[in-house]
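In the working numbering, the protein residues as written are -6 to 84.
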């Protein structure tokens, strides 16, 4: 994870010093927890700002999507949708 140091809110306000495209989904999840946001916010931020070529979500298995759904307090249907969405984008 890129978040080796504790991030304070001032760090996030000055985005020019931080390359947020390098953040993984785990990084965004840690930020969401720190800021008191829902885990789904982390996923949305990752999809919006993340380097999706580097983190190829089409390679994520259905089982892993199920685990992510549990962590994000989502149901199995959400996991299935994410799996099929990323598979379709890859093809």
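Don't be surprised by glycine CBs; every beta carbon is placed ideally from N, CA and C. These numbers were taken from a predicted model, which means no experiment stands behind them.
Rounded to the nearest angstrom, what separates residue i and residue j at their Cα positions?
i, j, result
"residue 50", "residue 67", "18 angstroms"
"residue 74", "residue 36", "14 angstroms"
"residue 13", "residue 47", "13 angstroms"
"residue 57", "residue 27", "24 angstroms"
"residue 24", "residue 65", "14 angstroms"
"residue 10", "residue 62", "32 angstroms"
"residue 41", "residue 32", "15 angstroms"
Identify the continuous alpha helix (DSSP H) that holds residue i and give its terminal residues.
i, result
"residue 59", "55 to 64"
"residue 83", "69 to 83"
"residue 36", "32 to 42"
Do residue i and residue j have their C-beta atoms closer together than 8 angstroms?
i, j, result
"residue 59", "residue 72", "yes"
"residue 15", "residue 44", "yes"
Tell me whether residue i sits in a helix, a strand or coil according to DSSP, three-state version.
i, result
"residue 18", "helix"
"residue 50", "helix"
"residue 11", "coil"
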